[in-house]
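Residue numbers (this note's numbering), protein chains in the order written: chain A, 5 to 117; chain B, 8 to 123.
Here a beta-carbon is modelled for each residue, glycine too, at the ideal position from N, C-alpha and C.
Please read these numbers as outputs of a predicted model, since none were measured by experiment.
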Amino acid sequence: NAGVTQTPKFQVLKTGQSMTLQCAQDMNHEYMSWYRQDPGMGLRLIHYSVGAGITDQGEVPNGYNVSRSTTEDFPLRLLSAAPSQTSVYFCARNRTGPAYEQYFGPGTRLTVT
Amino acid sequence: AQTVTQSQPEMSVQEAETVTLSCTYDTSESNYYLFWYKQPPSRQMILVIRQEAYKQQNATENRFSVNFQKAAKSFSLKISDSQLGDTAMYFCASVITQGGSEKLVFGKGTKLTVNP
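The following block contains the structure:
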């Protein structure tokens, strides 16, 4: 799992429900990021963090919140799930930033009905 | 907007043959980084190859090599001696600078099937 753990692996939500996708790394890397993957769209950056206490928005941040209270954990929160958020979500880590190899978790498949 | 374009949604190749996947990108940076990632059916994203734009030499990793044409903004991936395990989605990606921060942008992917 490239030193990145994501839970759950699968989740079904009803429209309007909230939930948190968990991401944890055990390599003490500063840079962590969340992507979503939709058919025919590649991966798109949702939010990222360059260290504990520092987060920023990516390409598609609307409807998602993140926080980074520790180096190890970078949870992604869906505040009020919508069918458009049906996707596969990937968390990634690396030591310094996107210019170097990203190590991806196994992904969470989320379905919103 | 800085973008990455993969013009081949699907490709197929016979085992042991060579295949080239295309990628073009758009950037205004003088130095930047380009990647090819592989996603097999297991869904795990794996780095195949990385290229730094200021390096003239094309990157290679075993059977994988790139043809980096900086002036044309082209970054194609060549897979030699294709193996069944190369069957996967392949994503081209580029680091862009936006709002003072670096971000990784992916193309839409090429689905490669290696046939026995």
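Taking 7 Å as the CB-CB limit, is residue i close to chain B?
{"i": "proline 65(A)", "result": "no"}
{"i": "glycine 57(A)", "result": "no"}
Hey, how far is the Cα of residue i from the Cα of residue j?
{"i": "phenylalanine 98(B)", "j": "tyrosine 44(B)", "result": "5 Å"}
{"i": "histidine 51(A)", "j": "lysine 18(A)", "result": "23 Å"}
{"i": "threonine 12(B)", "j": "leucine 111(B)", "result": "14 Å"}
{"i": "threonine 9(A)", "j": "alanine 78(B)", "result": "40 Å"}
{"i": "serine 83(B)", "j": "serine 35(B)", "result": "19 Å"}
{"i": "threonine 59(A)", "j": "lysine 85(B)", "result": "37 Å"}
{"i": "isoleucine 56(B)", "j": "glutamine 21(A)", "result": "40 Å"}
{"i": "valine 64(A)", "j": "threonine 25(B)", "result": "36 Å"}
If you compare alpha carbons, which of the options is closest to residue i?
{"i": "serine 71(A)", "options": "Glu63(A), Arg81(A) and Gly46(A)", "result": "Arg81(A)"}
{"i": "arginine 48(A)", "options": "Thr120(B), Pro123(B), Asn122(B) and Ser101(B)", "result": "Ser101(B)"}
{"i": "aspartate 93(B)", "options": "Tyr40(B), Thr31(B) and Pro47(B)", "result": "Pro47(B)"}
{"i": "threonine 104(B)", "options": "Glu24(B), Ser89(B) and Asp33(B)", "result": "Asp33(B)"}
Secondary structure at residue i, three-state DSSP: helix, strand or coil?
{"i": "glycine 55(A)", "result": "strand"}
{"i": "serine 88(A)", "result": "helix"}
{"i": "leucine 83(A)", "result": "coil"}
{"i": "glycine 46(A)", "result": "strand"}
{"i": "aspartate 88(B)", "result": "coil"}
{"i": "aspartate 77(A)", "result": "strand"}
{"i": "aspartate 60(A)", "result": "strand"}
Are any of the Cβ atoms in chain A nearer than 7 Å to that of residue i?
{"i": "glutamine 119(B)", "result": "In the sequence as presented, glutamine is not what sits at residue 119(B); that position holds leucine. Answer no: the Cβ-Cβ gap between leucine 119(B) and chain A never drops below 7 Å."}
Could you tell me whether the region 97 to 107 of chain A touches the region 17 to 33 of chain B, using the rule of 3 or more Cβ pairs below 8 Å?
-> By the C-beta criterion, the region 97 to 107 of chain A is judged not to be in contact with the region 17 to 33 of chain B, since fewer than 3 inter-stretch pairs fall below 8 Å.
Decide if the region 85 to 99 of chain A is in contact with the region 23 to 38 of chain A; the criterion is three or more beta carbon pairs, one per stretch, under 8 Å apart.
-> Contact holds: three or more Cβ-Cβ distances are below 8 Å.
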